[in-house]
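Let me begin by presenting the structure, written as structure tokens, before commenting on it.
Residue numbers (this note's numbering): 49 to 867.
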């Protein structure tokens, strides 16, 4: 066997890499300077167009115009590439002669109304011949290039209904050609060969990849590079899984498994010749040649991923043979698969229980009815005797394959796969795993395959701390939270492996969505330029995407309408974090059902900031109750706005001036009456009382309002303008407390029976409330354990920074709790 003196690389270019004259020139740039063998497919679409000609002729329809279009396409490429070259007219003549030969075959087909495999192979093979000859002519202008018609070299034979390469004969035909020619480049046709009967044959669709691997072995190549239109073999189909990424390396075995189960970038047959000679295969993007692509070899570096890739086969049918008469009867499986082999039906997956009571297997959906007919005929006696109940078909299935060398000997991979699919509400119909442990395959509903792929990909590739975040209400608090996330996310990613992906921001008018992560430094400008009209259902569908391990809605509004949607969010699998008090202080039945539903669905509903902004009030109270303590009373100043106002009133300032300053500093709601009415305080105490198990409602409370009756229905602007008219009235109501040396505060109290009292009260210098300053909040818990010294929580209870920080703390609490 002849050895080539200089190392050679085999490059294979698919149709998409030869679609236009510009693509041919890109190929020329890629191979320039290297000693190469180049195996080519037909230009993109040409094989399909040639098949369309045969179909038209077979149906006695006109085909001449389409044949002329194919001829003109080839002429145009030749003119662009070889315009002034002497080979230009020669190539044009070759195309014209070949098209005449095709026309003769089509005429015969039209007369007969049919065509055989030989005619089909002959017609379809012209596409490779044309692209190879044109490329050879182009390359020959710069370096010595030899064109090889693979049908003159590759000899095949058939056995067991399969086509095989006659390696010895093919090598004998190739070696003299290599010895007699000095070349820089070999340009070889893919797809075509000759059989032992000297008939022109093709190697099947994707046969050009196979041809390249065959020539890599015959040429003892140092590497095989398959150029395609993607950056390598991906962890999953990127058209189905947005977070899929190119894999740097695969073993031959991993690549075989992925290719067999539907990875379209590489064909299983391509890998076998490379394995025999240990030739590394590279899959690269001809449009991005500097990208590393994917290397396939005998051994590859270990990675952090147990699973290397996911692949799937769509349009599968699951056939089940079941019956007590199969138990202990030898030969049943042999009969099943023998009859399928004789019928030319390929079995994709097999699963059989150890009881032998049933055998199920998957076939292509378009072969399912034929397979059922063959099997019913084979087992006619057993079915008649009711030894076999029947042979049933479950159509509209898909097979999902999970592949990776890292799975071998590693415990828990199957458990994680099944758990992930369960969480995604995907039902598994059948399971198959070989003893190599390199592949676990499951059959699922066809409609569930996208969801299954995305869920499993996220489960195995993304950190369990990856969170899809949707923020509703990017006002002052929401915007501040986004800034805090932007400032902290890199550190969280580096130190704690926390991957916070804000994938959606919505207000009442617009929404901004991103597949991975919105640029939180630019989100406001992006909202103005690329945001779409707000649609809550589309927003939720986006945030709850199947390709993210976990998803959360952060509601930074005070909207009752949004709070009413919380059960819907939970039903979609979303966790909820919010400072919105509406859900916890509104209708009591809704409150109970919401909490029960969240628990049932195993979703987190976190609302620490509903009472005192960033202060740890809710968690503290929950811990007190959970540990069996008994709460005797809660007393608190829980409005940072009112705390600020009463602190200033105690120092003699005018009520109206204080309110204006509080609004200017952002302590109040846009309409200060929302704070001054006392309703905010009432809602907070209802929230606290319900945490203690009381069925408190707003309707049962008597609330002291600081909004003068004449100003309750006017506009916010008029309210602020006329408020000075009532300064004396407000100050007069506080005069008795001030005269006693007490500090006035707006205070809520919950007693041991759950009764809530909310009013203005004065407190002496020895009371903890006397320490309050600015926007400070304070809660005093008196419990069976915390007495006579009560538990006091104090800190700022208003301000966008502390409220946002409290929400952020809930977000990190959620991440910590996730699997």
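No residue lacks a Cβ here, since even glycine has one placed at the ideal position from N, Cα and C.
Give me the Cα-Cα distance between residue i and residue j, rounded to the nearest whole angstrom.
i: residue 852; j: residue 600; result: 16 Å
i: residue 283; j: residue 489; result: 16 Å
i: residue 121; j: residue 89; result: 16 Å
i: residue 844; j: residue 695; result: 13 Å
i: residue 476; j: residue 303; result: 25 Å
i: residue 866; j: residue 432; result: 55 Å
i: residue 662; j: residue 841; result: 11 Å
i: residue 566; j: residue 514; result: 15 Å
i: residue 742; j: residue 539; result: 42 Å
i: residue 534; j: residue 568; result: 6 Å
i: residue 168; j: residue 411; result: 26 Å
i: residue 583; j: residue 278; result: 34 Å
i: residue 564; j: residue 849; result: 26 Å
i: residue 52; j: residue 305; result: Since pLDDT at residue 52 reaches only 48, below the 50 mark, its modelled position is unreliable, and the value read off the structure follows with that caveat. Taking the straight line joining both Cα atoms gives about 32 Å.
i: residue 215; j: residue 498; result: 42 Å
i: residue 385; j: residue 309; result: 20 Å
i: residue 611; j: residue 634; result: 9 Å
i: residue 715; j: residue 706; result: 11 Å
i: residue 320; j: residue 439; result: 36 Å
i: residue 443; j: residue 468; result: 24 Å
i: residue 665; j: residue 858; result: 12 Å
i: residue 50; j: residue 223; result: Residue confidence is low: residue 50 scores 44 on pLDDT, short of 50, so the model does not pin down where it sits. No coordinate-derived value is stated.
i: residue 835; j: residue 676; result: 15 Å
i: residue 118; j: residue 181; result: 16 Å
i: residue 873; j: residue 225; result: Residue 873 is absent from the structure shown; the chain starts at 49 and stops at 867.
i: residue 207; j: residue 382; result: 20 Å
DSSP puts residue i in a beta bridge; with which residues?
i: residue 275; result: 61, 332
i: residue 824; result: 844
i: residue 600; result: 517, 623
i: residue 312; result: Per DSSP, none; premise fails for residue 312.
i: residue 548; result: 515
i: residue 446; result: 492
i: residue 359; result: 449
i: residue 248; result: 242
Within this structure, are the beta carbons of residue i and residue j separated by less than 7 Å?
i: residue 128; j: residue 69; result: yes
i: residue 367; j: residue 307; result: no
i: residue 824; j: residue 691; result: yes
i: residue 184; j: residue 249; result: no
i: residue 281; j: residue 342; result: yes
i: residue 797; j: residue 640; result: no
i: residue 487; j: residue 462; result: no
i: residue 364; j: residue 289; result: no
i: residue 657; j: residue 855; result: yes
i: residue 172; j: residue 72; result: no
i: residue 314; j: residue 264; result: no
i: residue 370; j: residue 399; result: no
i: residue 131; j: residue 174; result: no
i: residue 42; j: residue 198; result: Since the first and last residues shown for the chain are 49 and 867, residue 42 lies out of range.
i: residue 811; j: residue 790; result: yes
Can you check which of these residues, the options, is closest to residue i by C-alpha distance?
i: residue 719; options: 762, 699, 691, 730; result: 762
i: residue 800; options: 856, 740, 821; result: 740
i: residue 266; options: 244, 159, 286, 220; result: 220
i: residue 724; options: 752, 743, 259; result: 752
i: residue 272; options: 130, 261, 161; result: 261
i: residue 806; options: 839, 820, 749; result: 749
i: residue 494; options: 361, 588, 67, 313; result: 361
i: residue 332; options: 627, 64, 615, 149; result: 64
i: residue 74; options: 216, 335, 193; result: 335
i: residue 628; options: 133, 653, 757; result: 653
i: residue 754; options: 787, 738, 714, 693; result: 693
i: residue 95; options: 838, 559, 62, 80; result: 62
i: residue 324; options: 727, 268, 274; result: 268
i: residue 478; options: 575, 470, 491, 471; result: 491
i: residue 595; options: 349, 500, 135; result: 500
i: residue 345; options: 316, 300, 351; result: 300
Quick one: any contact between the region 663-677 and the region 697-705, if contact means 3 or more CB pairs under 8 Å?
The region 663-677 makes no contact with the region 697-705, as fewer than three CB pairs between them are under 8 Å.
Using a Cβ distance threshold of 8 Å, determine whether the region 201-210 contacts the region 239-250, with at least three qualifying pairs required.
In short, these stretches touch, since the Cβ pair count reaches three.
Counting pairs of beta carbons, one from the region 423-432 and one from the region 442-458, are three or more of them closer than 8 Å?
Too few Cβ pairs lie closer than 8 Å, so no.
So does the region 585-597 actually touch the region 516-526, counting three or more Cβ pairs closer than 8 Å?
In short, these stretches touch, since the Cβ pair count reaches three.
Check whether the region 770-779 touches the region 826-834, taking contact to mean three or more Cβ pairs, one atom from each stretch, closer than 8 Å.
Fewer than three pairs of CB atoms, one per stretch, sit closer than 8 Å, so the region 770-779 makes no contact with the region 826-834.
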